[in-house]
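Each residue of the sequence shown is one higher than the last, beginning at 1222 in the numbering used here. Below: the structure, in structure tokens.
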Amino acid sequence: MHLMNNKDIRVRFAPSPTGFLHVGGARTAIFNWLYARKNNGKFLLRIEDTDPERSRGELSEQIIRSMKWLGMEPDEPIVYQALNIKRHKEIALELLKTGNAYYAFETAEELEAQRKIAQHNKVPFKYNRASLNLDEATVQKYLNEGRPYAIRFKVPGGITEFEDIVHGNTSFNNSDIEDFVVLRSDGSPVYMIAVVVDDHDMNITHIIRGDDHLSNTPKQIMLYKALGWEVPEFAHLPMILDEQKKKLSKRRNPVSADEYKKMGYLPEAMFNFLTLLGYAPFNNREIISREELVNEFTFDRVNKKSAVFDKKKLGWINSEYIKNTSNEELLKLMKESDYFTMSGIHLNEFSEDYVLRVINLMKDRLSTINELADYGIYFFADPVNYDEKGLQKYWIDEIKQVFSEFFDEIKNLDIWNNVNIEERLRGFSEKKGIKAAGLIHLLRLSVTGRTVSPGIFDILELTGKDTVIRRISGFLQKN
Ligand code: GLU
């Protein structure tokens, strides 16, 4: 299908594999993916692995896995940037040939000294173009001597202007931009040229990325122009801040998509939540599926202002998705998660039917899947201790005797189900002239160890008579 300008939309997500997939990166990937899906375009993945010290193979794999988890797979084979280094160098040298770049012979120490002086004078440092002003004979002489050199792009005069899809008209004074390096003295190309060459070679039509790249854009546009290449469209997405309005940082928050998976968030909920970091759906909807987002996605609804990563909201969104996920699907996710085994819960040791019923009882109370292990451990193991405050409040002298009597009563109950147990408890309370609540609290405390749980009669039915009797006996012995 052909769209605007008869040109098929091609976008890319271009993470550097220097860490796990960051939630900010995941958000960028999502916006690219949504834009491609909405416009029947192509969504591509380019792993920017040119930094041999920082890029690690397993991190690339991890990024790919996290994207798959979020339901995004590239439409064409993954491009590994490191494989294109030769081409990046060729293009840098072409810039030299066409007079758009020049040899720069300053050593790192010389540049550092100049930077220090600028700092001292409190002026922004900008390379002084000394090498550009060398005459040809000197340049030749230096080259013959084998002096190391970098290649710098010759920034033209004037202004660089573009229509950012999110920010609108954006312009930079070229005089504020220094002649940046395109090829380092060790012969390695820099990000600035690699990204332009690869985006061109991959026929990328729209570059959608974080605001942190906005200042790179004029440099990249200059490179496109110098190379005589068509300049793609740009859309810069708002930054994501934490609740203190600071840049999301590992030190304060989990930041990798994988960590959220491990904490028990559902991929659909994560996708929904991350989209809201910068996108305002029609009718202010907050729970919105991937399909609905694909249908409605438009850059007109992308905010310019930074978005706040609100963990409470993520919890709420996740709880909504948990409620709407089948028990069977939740069970599958729980079995895949290490968290349950780490919590001492071996789901495979219980019948599937039992665990599905546990999930059914608990799912409306969970904001992560892991919370089933945190809040529902008593479905899988006898309590080892009892809520301190609960004991003080409910295990009081006046009721101890009655509770033991009630225990004897239910030991003899023939039909063990929630209705019967409740009936027996209410009848017993009436006979004894006490409030039913006192016994209910103690049943909960002795069987679950806690003061909060879903309906206690459902729990008693589900965990079964033998378990309940064993637990109450244990409670009476220990307290
Ligand atoms: N590799 C760059 C990064 O991880 C992104 C490059 C781009 O989107 O232009 O930040």
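Don't be surprised by glycine CBs; every beta carbon is placed ideally from N, CA and C.
Exposure label - residue i; buried when at least 16 CB within 10 Å
i, result
"histidine 1341", "exposed"
"lysine 1610", "exposed"
"glutamine 1441", "buried"
"proline 1345", "exposed"
"serine 1540", "buried"
"histidine 1427", "buried"
"methionine 1288", "buried"
"leucine 1697", "exposed"
"glycine 1654", "exposed"
"histidine 1567", "exposed"
"glutamate 1327", "buried"
"threonine 1496", "buried"
"alanine 1247", "buried"
"isoleucine 1617", "exposed"
"lysine 1632", "exposed"
"methionine 1555", "buried"
"phenylalanine 1234", "buried"
"glutamate 1297", "exposed"
"alanine 1313", "buried"
"leucine 1364", "exposed"
"glycine 1676", "exposed"
For residue i, the first and last residue of its enclosing beta strand (DSSP E)
i, result
"threonine 1426", "Premise fails: threonine 1426 is in no beta strand (DSSP E) and is neither H nor E."
"glutamate 1454", "1454-1458"
"isoleucine 1268", "1263-1268"
Residues bridged to residue i (per DSSP)
i, result
"isoleucine 1380", "Asn1394"
"alanine 1322", "Phe1374"
"proline 1410", "Leu1404"
"aspartate 1385", "Gly1389, Phe1455"
"leucine 1477", "Checking the sequence shown, residue 1477 turns out to be serine, not leucine. According to DSSP, serine 1477 bridges with His1243."
"tyrosine 1301", "Ile1268"
"tyrosine 1500", "Val1523"
Contact set for residue i: own chain, Cβ-Cβ below 7 Å, skip 5 residues either direction
i, result
"aspartate 1432", "His1457, Leu1458, Pro1459, Met1460"
"glutamine 1302", "Arg1267, Ile1268, Glu1269, Asp1270, Thr1271, Ala1415, Asp1419"
"asparagine 1641", "Leu1634"
"phenylalanine 1624", "Leu1660, Leu1663"
"arginine 1473", "Asp1463"
"lysine 1686", "Trp1637"
"histidine 1388", "His1457, Lys1525"
"aspartate 1585", "Lys1544"
As assigned by DSSP and simplified to three states, the class of residue i
i, result
"arginine 1248", "helix"
"alanine 1594", "helix"
"isoleucine 1680", "helix"
"phenylalanine 1234", "strand"
"alanine 1528", "strand"
"methionine 1222", "Because the pLDDT at methionine 1222 is just 41, under 50, the model does not fix this residue reliably, and the value given afterwards should be weighed accordingly. It is coil, neither helix nor strand."
"lysine 1584", "helix"
"isoleucine 1461", "strand"
"tyrosine 1471", "It should be noted that the sequence gives lysine, not tyrosine, for residue 1471. Residue state, collapsed to three classes: coil."
"glutamate 1399", "coil"
"glycine 1648", "helix"
"serine 1667", "helix"
"lysine 1289", "helix"
"serine 1674", "coil"
"valine 1605", "coil"
"alanine 1658", "helix"
"serine 1510", "coil"
"aspartate 1296", "coil"
"valine 1416", "helix"
"glycine 1685", "coil"
"glutamate 1274", "coil"
"tryptophan 1537", "helix"
"asparagine 1260", "coil"
"tyrosine 1542", "helix"
Same chain, Cβ closer than 6 Å to residue i, five either side skipped, listed in chain order
i, result
"valine 1376", "Asn1395, Ile1398, Asp1400"
"threonine 1669", "Tyr1599"
"valine 1579", "Phe1600"
"serine 1588", "Gly1536, Asn1539, Ser1540"
"phenylalanine 1393", "Thr1381, Pro1439"
"alanine 1743", "In the structure displayed, the chain extends from 1222 to 1700; residue 1743 sits before or after that span and is not available."
"arginine 1691", "none"
"tyrosine 1542", "Leu1487, Glu1489, Ala1490"
Boundaries (first-last residue) of the alpha helix (DSSP H) holding residue i
i, result
"arginine 1555", "Here the sequence assigns methionine to residue 1555, which means arginine is not the residue at that position. First-last of the alpha helix (DSSP H) with methionine 1555: 1548-1557."
"glutamine 1340", "1329-1341"
"serine 1490", "One point to set straight first is that residue 1490 is alanine, not serine, in the sequence displayed. Start and end: 1488-1497."
"methionine 1443", "1438-1448"
"threonine 1359", "1357-1366"
"valine 1623", "1618-1632"
8 Å CB neighbourhood of residue i in its chain, flanking five on each side removed
i, result
"glycine 1245", "Gly1431, Met1460, Ile1461, Leu1469, Val1476"
"glycine 1240", "Leu1280, Ser1477"
"isoleucine 1306", "Thr1271, Ser1409, Pro1410, Ala1415"
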